[in-house]
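Some notes on the structure that comes next.
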Amino acid sequence: MSRSSESHAGLPEQPPRPARRTAVPVQSRGGAPARSAARAWDLPRFNGAPAPEAEAALLDCFGSTVWARRLACHRPYPDAEALFAAADEAAYDLSPADHAEALAAEVSAGLRPDAPRSAHLALSVAHAEYERKFGHVFVICLDGYPPAEHPDQVLAGIRARLAHEKDRERAVTADEMRRLARGRLAALISSR
């Protein structure tokens with residue numbers, strides 16, 4: 004889909020694109036979320052936000068403009084579970100081009116700067132091999148794993164998934180993206 008003002012399924016014009024983000028949960032990066040403090044919303048504030056603000060916040064969760072506009076247009080959500088269910092449904096309905104757009108907004112997971120050079124090299128080589136085979140960054144949802152285990156989980160995940168055929172990996176990647184979006188949505192609507 005082009006970035007023009009034409010709408011998809013009658014949805015309004017697209018908001019600006021978000022910055023690229025790491026394809027693992029924010030807690031693994033040891034930093035604050037990329038979104039501004041103004042986007043640490045609770046669900047009522049998210050439901051009442053102007054559509055362009057809601058869409059921009061949603062694009063920080065999942066980089067598909069179709070997905071973000073669909074979720075923003077179907078507000079208000081009665082509870083977080085309804086929002087998560089709508090997010091999953093919207094992700095399942097995306098075209099391959101929409102998934103590619105979301106993947107293009109992701110950045111390969113890295114290590115902390117103080118990690119051993121050998122670990123940086125091993126992860127860099129694994130990411131390059133994955134990207135060469137599948138044509139996009141490796142994404143994995145690490146919710147539930149302690150941050151100290153993230154590098155090992157990423158490396159093990161890349162190695163295991165390199166054995167997949169392209170169709171199988173496309174399905175696994177889509178599932179990981181949905182899980183990442185769910186975690187990012189939960190962070191978005193938590194009023195911390």
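If you read the sequence shown in our numbering, its first letter stands for residue 4, the second for the next number, and so on.
Glycine is no exception: its CB is placed at the ideal position from the N, C-alpha and C atoms.
To which residues of the same chain is R187 closer than 6 Å at the C-beta, ignoring the five residues directly before and after it? In the same chain as R187, and ignoring 5 residues on each side of it, the C-beta atoms closer than 6 Å to its own belong to C64, in chain order.
Nearest candidate by alpha-carbon position, reference G138, set D117, T176 and A190: T176
Are the CB atoms of A59 and W44 nearer to each other than 9 Å? no
With distance defined between alpha-carbon atoms, name the residue in A107, A151, E168 and D96 nearest to V142. A107
Run through the segment 84-165 for me and flag every whole alpha helix (DSSP H) of 4 or more residues, listed as ranges in chain order. 99-107, 120-137 and 153-164
If you run the structure through DSSP and keep just helix, strand and coil, what is P55? helix
Are the beta-carbon atoms of S67 and E104 separated by less than 9 Å? yes
Buried or exposed by the 16-neighbour rule on C-beta atoms within 10 Å, applied to A35: Because the pLDDT of A35 is 31, which lies under 50, any placement of that residue in the model is unreliable, and the question is left without a value.
From what residue to what residue does the alpha helix (DSSP H) around W70 run? T68 to C76
Can you list, in chain order, the residues of its chain whose CB lies under 7 Å from that of F87, leaving out five sequence neighbours each side? R185 and L188
Would you check if the segment 143-152 and the segment 166-173 touch, i.e. whether three or more CB-CB distances between them fall below 8 Å? Between the segment 166-173 and the segment 143-152, the count of C-beta pairs closer than 8 Å stays below three; the two stretches do not touch.
Find the nearest neighbour of G113 within the set A129, A100, D146 and P99, judged by alpha-carbon distance. A129
From this set, A125, E132, D96 and K136, which residue's C-alpha is nearest D178's C-alpha? Closest by alpha carbon: D96.
Separation of D101 from R135, as counted between CA atoms: 21 Å
Could you have a look at S31 and say whether DSSP puts it in helix, strand or coil? Confidence at S31 is low in this model, with a pLDDT of 35, below 50, so its placement is unreliable and the value that follows should be read with caution. In the structure shown, S31 adopts helical secondary structure according to DSSP, grouped into three states.
What is the rounded straight-line gap between the Cα of H77 and the Cα of S121? Whole-angstrom Cα-Cα distance: 48 Å.
How big is the Cα-Cα spacing for E92 and E132? 31 Å
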